[in-house]
Amino acid sequence: MSFLRGSFIDALVVLQMMVRDALNQAMDEELERDERVFLLGEEVAQYDGAYKVSRGLWKKYGDQRIIDTPISEMGFTGIAVGAAFAGLRPICEFMTFNFSMQAIDQVINSAAKTCYMSAGFQAVPIVFRGPNGSSAGVAAQHSQCFAAWYAHCPGLKVVSPWNSEDAKGLLKAAIRDDNPVVFMENELMYGVPFEMSEEALSKDFVLPIGKAKIERPGNHVTLVSHSRCVGHCLDAAAVLAKEGIECEVINLRSIRPMDTDAIEASVMKTNHLVTVEGGWPQFGVGAEICAKIMEGPAFNYLDAPVTRVTGVDIPMPYAKILEDNSVPQIKDIIFSIKKTLNV
Amino acid sequence: KLKMLTNISNVLRACAQRNVAAVVMSARTYADFTPEATFEIKKCDTFKLDEAPATQVVLTRDEGLEYYRIMQTIRRMELKADQLYKQKIIRGFCHLYDGQEACAVGIEASINLSDHLITAYRAHGYTLTRGGTVKEIMAELTGRRGGIAKGKGGSMHMYTKHFYGGNGIVGAQVPLGAGVALACKYQGNNQLCVCLYGDGAANQGQIFETYNMANNRYGMGTSVERAAASTDYFRRGEFIPGLRVDGMDLLCVREATRFAADHCRSGKGPILMELQTYRYHGHSMSDPGVSYRTREEIQEVRSKSDPISMLKDRMLSNNMASIEELKEIDVEVRKEIEDAALFATTDPEPPLEELCNHIYYNDAAVEVRGTNPWAKLKSVS
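Protein chains in written order, with full-length UniProt numbering: chain A, 1 to 343; chain B, 1 to 381.
Listed below in structure tokens is the structure:
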């Protein structure tokens, strides 16, 4: 954890914390708070986590609560769901969400649907977490974004934090939720430091699932995004501000349930909407936002069709120049905003 | 003698109340019956076990009557479901359990309701032995609001306390069951989980993943050993002890389960029980069940190995019950099934207002999109 003291004049301690440490703190606090909570996954214990997100937890909580599994996603995911059936509160880590495809039957058919199938008799209080979406140079089989796949399914909650406060508050909320929550982190964000308010550092800091956050208010165009792309949107907004274009940047935080009201309220103010995501365009998060806007009151306020900025509709290539051009860059966001505003 | 007179007079009084001609039925008192008897049962084949389940077992009259009643209830319930399915009152999937009653009843006889059980989709019998009622099982099959899952689950998705269904995906229940067992171990409650699967599921990869993890005590030791229950990779199929059990003989299943439960509770780890059983029906209602076997074979099993007949013969030939007594149980069971079927066919379907309920547990009410943008439905937990 790195400390950077802020201005003494304000008498405020401004702490900077990396996303991975915020996640670590969230799990540590929840493990301490509720003895039914435990973590399982590949390398989570003795290796301190493939990406060090669970560093120190095995040393503190031991074998029973921090469990290393073999490379058996379908098996250990089923075991995690069964443990949730029987009253524990597992955190099931996928080393990346790409590997969750091996176990997706257990996530959907055993976890997501059971409360409904049992008419509310059988709860499944489980969190599935791990890095999602593109990384750097890991190529096609290790770079897919699963937000749209999981958000498609009733019975799941799907959460996608951007910064450290998001990471901590939403992970604590997910662990405390009595329902299956798919918690999508981002590998490239793990090492990024963000300011953490005093409130965020407290042991009871929980963010509500289903509520978006306006990261930057603006009047001319609404940008809606999740995860790493939120940062890109803010960077684009900073550039455009110099040209007199004020972007309102919305950090979705939750994909399912999605805070449609927040998007609509913003669009009714700005009259323009651009969605930005790392995943593929077809049947994606942006596609869903378009449909929702069309069906709601904000449609009549649009001065232009909604624009989706997405990953390129291809498997992720390896070569750096190709990879860089397969995901939304800041210039793509700026270009799309200007097209939408017709400037 | 006094007891005998009391019984006769009770019978007469009961008849008088029903305005029926008073007929004195043969009034045998309980003192006439053998309270318990010892039976010789088949020895189980064993694997990696130093001991085996006992081959001489005791059955009491009370136990016998109880097992008979439950097995007969399962049998009749399944046959009634067959009937209702053919009348198109039950729809979708329906996997029947008749012929296999000794398994469900024998297993439950040697575990407690505080233990846990999970199975695949041929689950009606287990739903009953695990605490469900015939009425709510049948109403679930007919998709009514009085069903055990309020009509939301159907044949394959019935749940009771410590019974986790009812699972539709072949093999998925095995890791789930191991997870339930993990929770038992974690909570230190000395409970166990019986996890059932068929020979089809036995080929699923996730079964072997589960064997490995169930046996491995979750990662203690050094790196290769931590991930693998056996690093003799050339012997990887064979590190869990097992029993092969006559699944048509209730007493065999009960004894083997007793042995297996002791094995588990004493910390020796998981154990595999192969129950050799036989289903009279096809795989499901859409399978006539005679394209891969002959009718003669089915008939032979029925006449030589039927689990209910086996119990009945044992009790009668050892004077543990009378034919009339067992017939009375049959009549009562038949009535229970008929009443349940009546309920199941007359109970109304679930109200449309409840369509979206129970998506989430213990959560605030949410809005759910219907088939069109103007259909805003409501979901409560």
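Using N, Cα and C, we set each Cβ at its ideal position, and we do this for glycine too. Just so it is clear, the structure is predicted and the values come from calculations on it, not from any experiment.
Cβ of residue i within 8 Å of Cβ of residue j?
| i | j | result |
| --- | --- | --- |
| A262 (chain A) | C247 (chain A) | no |
| I308 (chain B) | M71 (chain B) | yes |
| A80 (chain A) | I108 (chain A) | no |
| K213 (chain A) | N179 (chain A) | no |
| G56 (chain A) | H358 (chain B) | no |
| D246 (chain B) | Q204 (chain B) | no |
| T114 (chain A) | Q106 (chain A) | no |
| E73 (chain A) | L39 (chain A) | no |
| I90 (chain B) | C252 (chain B) | no |
| R144 (chain B) | P270 (chain B) | no |
| F128 (chain A) | F183 (chain A) | yes |
| G82 (chain A) | M213 (chain B) | no |
| H116 (chain B) | M117 (chain A) | no |
| V274 (chain A) | S336 (chain A) | yes |
| A241 (chain A) | P208 (chain A) | no |
What are the boundary residues of the beta strand (DSSP E) that includes residue i?
| i | result |
| --- | --- |
| H116 (chain B) | H116 to I118 |
| D68 (chain A) | I66 to D68 |
| V53 (chain A) | No beta strand (DSSP E) contains V53 (chain A), which DSSP labels as neither H nor E. |
| C195 (chain B) | C193 to C195 |
| V107 (chain A) | Here V107 (chain A) belongs to no beta strand (DSSP E), and DSSP marks it neither H nor E. |
| E354 (chain B) | That residue, E354 (chain B), is in no beta strand (DSSP E); it is neither H nor E in DSSP. |
| E40 (chain B) | E36 to E40 |
| M196 (chain A) | P193 to M196 |
| M273 (chain B) | L272 to Q276 |
| L128 (chain B) | Taken as a continuous stretch (DSSP letters only), L128 (chain B) belongs to no beta strand (DSSP E), being part of the alpha helix (DSSP H) at H124 to T129. |
| R314 (chain B) | Here R314 (chain B) belongs to no beta strand (DSSP E); instead the alpha helix (DSSP H) covers P307 to S317. |
| L113 (chain B) | No beta strand (DSSP E) contains L113 (chain B), which DSSP labels as neither H nor E. |
Any idea what DSSP makes of residue i, helix, strand or coil?
| i | result |
| --- | --- |
| V274 (chain A) | strand |
| S160 (chain A) | coil |
| F93 (chain B) | coil |
| K376 (chain B) | strand |
| K213 (chain A) | strand |
| A123 (chain A) | coil |
| D21 (chain A) | helix |
| E51 (chain B) | coil |
| Q299 (chain B) | helix |
| I9 (chain A) | Caution applies to I9 (chain A), whose pLDDT of 46 falls short of 50 and renders its modelled position unreliable; the value that the coordinates give is listed next. DSSP places I9 (chain A) in coil when its eight states are reduced to three. |
| I245 (chain A) | coil |
| F299 (chain A) | helix |
| R76 (chain B) | helix |
| G41 (chain A) | strand |
| V327 (chain A) | coil |
| F128 (chain A) | strand |
| Q141 (chain A) | helix |
| F146 (chain A) | coil |
| L240 (chain A) | helix |
| Q46 (chain A) | coil |
For residue i, count the other beta carbons within 10 Å of its own beta carbon; 16 or more makes it buried, fewer makes it exposed. Which is it?
| i | result |
| --- | --- |
| K80 (chain B) | buried |
| S54 (chain A) | buried |
| L84 (chain B) | buried |
| N342 (chain A) | exposed |
| I323 (chain B) | exposed |
| I321 (chain A) | exposed |
| S291 (chain B) | exposed |
| L355 (chain B) | exposed |
| L352 (chain B) | exposed |
| G219 (chain B) | Confidence is the limiting factor: at G219 (chain B) the pLDDT is only 40, short of 50, which leaves the residue's position unreliable and the question unanswerable from this model. |
| G200 (chain B) | exposed |
| R293 (chain B) | exposed |
| Y360 (chain B) | buried |
Over the uninterrupted alpha helix (DSSP H) stretch that includes residue i, give me the two end residues.
| i | result |
| --- | --- |
| N212 (chain B) | G205 to N215 |
| F76 (chain A) | E73 to F85 |
| F343 (chain B) | I323 to T346 |
| T96 (chain A) | Per DSSP, T96 (chain A) belongs to no alpha helix (DSSP H) and is neither H nor E. |
| P175 (chain B) | Q173 to Q187 |
| V105 (chain B) | E101 to A109 |
Have a look at the DSSP bridge pairing and note the partners of residue i.
| i | result |
| --- | --- |
| I250 (chain A) | A:I214 and A:V224 |
| D45 (chain B) | B:R244 |
| F259 (chain B) | Its beta-bridge partners do not exist; DSSP assigns none. |
| F185 (chain A) | Inspection of the sequence shows that residue 185 (chain A) is occupied by Glu rather than by Phe. Its beta-bridge partners are A:P131. |
Does any residue of chain D have a CB that is nearer than 8 Å to the CB of residue i?
| i | result |
| --- | --- |
| A151 (chain A) | Absent from the structure: chain D. Protein chains present are A and B. |
Is residue i a contact residue of the ligand NAP, with contact defined as CB to any heavy atom under 7 Å?
| i | result |
| --- | --- |
| L201 (chain A) | This structure simply doesn't include the ligand NAP, nor any ligand for that matter. |
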